[in-house]
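*Asks:*
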Amino acid sequence: MKLSYFASIEQADREALAGACVVVIDVLRASSTIVAALESGAERIIPIADVATACRLARPGERVAKILAGERRGLPVEGFDLGNSPLEFTPERVAGKTIVLTTTNGTRAITAAAKAERVVVCALTNVDAVAEAVRGAESLAVLCCGSEGSVAAEDLLCGGLFLDLLGDFGDRGALNDAARISHLLASRFGGEVETFLRECDHGRALASLGFGDDIAACAAVGTSRLVPALREGAIAR
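The number in our numbering is simply the position in the sequence shown, starting from 1, with 2 added.
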């Protein structure tokens, strides 16, 4: 298996993504929210990079079958039906619906990888299932979303757990520094995931905005068997 590992969207090699199975990780919170929405029965999720395009895809007259959701800098976008909290995406709100989702980092990464051979969404909640699903890929790219150009420690932790679960994928000595750091984080903090998330920059920022409960939801390792995949511009089971 050929493995590429990127610590943020800005570091990603688009050519490497194009021919690979890309695993997109945005623990706090896009990946976790996508998993939660599909677990709650959402039919599909359309990831959009910018707010204006998202609004065009879910006009007011369409907001019965479609839900407009997303955030910027952690806060719900004004006028949207939902934000980016996984706790909001309950069966009562999203079952059978199409969700048009735009987030600061996660949906931007998913759309950046749209030309990949395969794109799957990984959170801590489904990291086991994703590792199992992509184990046979010939070329694999792990894309940690990061946070507005910087690395995000929670994504690196999830990436390290993913690599450990992936098992024997070839020459571990060829891993880049980002992957090595991820391994170290998983080895040190894999048993203290929620505490780690609460202490990282993004976790503290979310808590300050009133989203402390989201952190526990995002830290629930291995609680979902779903593997969200991008097909023809939409994410589904």
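In this text, a Cβ means the ideal position worked out from N, Cα and C, and glycines have one as well. Note that the structure is a prediction, hence the values are computed from the model and not measured.
Label R227 either buried or exposed according to how many other C-beta atoms from any shown protein chain fall within 10 Å of its C-beta, with 16 as the threshold for buried.
*Replies:* The residue in question, R227, is exposed, as its Cβ has fewer than 16 Cβ neighbours within 10 Å.
*Asks:* Let's test the definition: count the other Cβ atoms within 10 Å of the Cβ of I77 and tell me whether it reaches 16, buried, or not, exposed.
*Replies:* For the record, residue 77 in the displayed sequence is Leu; it is not Ile. Per the 10 Å Cβ criterion, exposed.
*Asks:* Nearest to G43 by alpha carbon, out of I27, H204, G98?
*Replies:* With distances taken between Cα atoms, G43 lies closest to G98.
*Asks:* Per DSSP, what are the beta-bridge partners of L103 in this structure?
*Replies:* According to DSSP, which records beta bridges pairwise, L103 is partnered with P49, A71.
*Asks:* I need the boundaries of the beta strand (DSSP E) containing C146, first residue and last residue.
*Replies:* 141-146 is the span of the beta strand (DSSP E), which, as asked, contains C146.
*Asks:* Could you please give me the residues that DSSP links to F8 through a beta bridge?
*Replies:* Beta-bridge pairing links F8 to L145.
*Asks:* Pick from I112, A14, E156: whose alpha carbon is nearest that of I36?
*Replies:* I36 has its Cα closest to that of I112, out of I112, A14, E156.
*Asks:* Using alpha carbons as the reference points, say which of E194, G72, C147, R120 lies closest to Q13.
*Replies:* Taking only the C-alpha atoms, the option nearest Q13 is C147.
*Asks:* Is it the case that the Cβ atoms of R58 and T106 are separated by a distance below 8 Å?
*Replies:* Not in contact: R58 and T106 (Cβ atoms no closer than 8 Å).
*Asks:* Output the residue ranges of the alpha helix (DSSP H) runs that lie fully inside the segment 160-228 and measure 4 residues or longer, sorted by chain position.
*Replies:* Qualifying alpha helix (DSSP H) stretches, in chain order: 179-191, 195-201, 203-210, 214-220.
*Asks:* In chain order, what residues of the same chain lie with their CB nearer than 7 Å to the CB of L165, ignoring the 5 residues before and after it?
*Replies:* The residues are A181, S184, H185.
*Asks:* Roughly how many angstroms separate the alpha carbons of D130 and I50, rounded to a whole number?
*Replies:* Approximately 26 Å, taken between the alpha carbons.
*Asks:* Would you please state the rounded distance, in angstroms, between the beta carbons of A231 and V136? I believe it to be under 8 Å.
*Replies:* At roughly 10 Å, the Cβ-Cβ gap does not stay under 8 Å, so A231 and V136 are not in contact.
*Asks:* Tell me which same chain residues have a C-beta within less than 7 Å of the C-beta of R46, skipping the five on either side of it?
*Replies:* Counting only Cβ-Cβ distances below 7 Å, and skipping sequence neighbours, we find T100, A236, I237, A238.
*Asks:* In whole angstroms, what is the alpha-carbon distance linking L5 and E134?
*Replies:* The alpha-carbon atoms of L5 and E134 are separated by roughly 15 Å.
*Asks:* Can you tell me which of the three DSSP states R120 falls into?
*Replies:* R120: strand per DSSP, three-state reduction.
*Asks:* Which whole-angstrom value is the C-beta distance of A244 and L40, which I expect to be below 8 Å?
*Replies:* Limits of the chain in this structure are 3 at one end and 239 at the other, which puts residue 244 out of reach.
*Asks:* What distance in whole Å lies between the Cβ atoms of A32 and G2, which are believed to be in contact at a cut-off of 8 Å?
*Replies:* Since the first residue of the chain shown is 3 and the last is 239, residue 2 is not available in this structure.
*Asks:* Tell me whether P78 sits in a helix, a strand or coil according to DSSP, three-state version.
*Replies:* Strand at P78.
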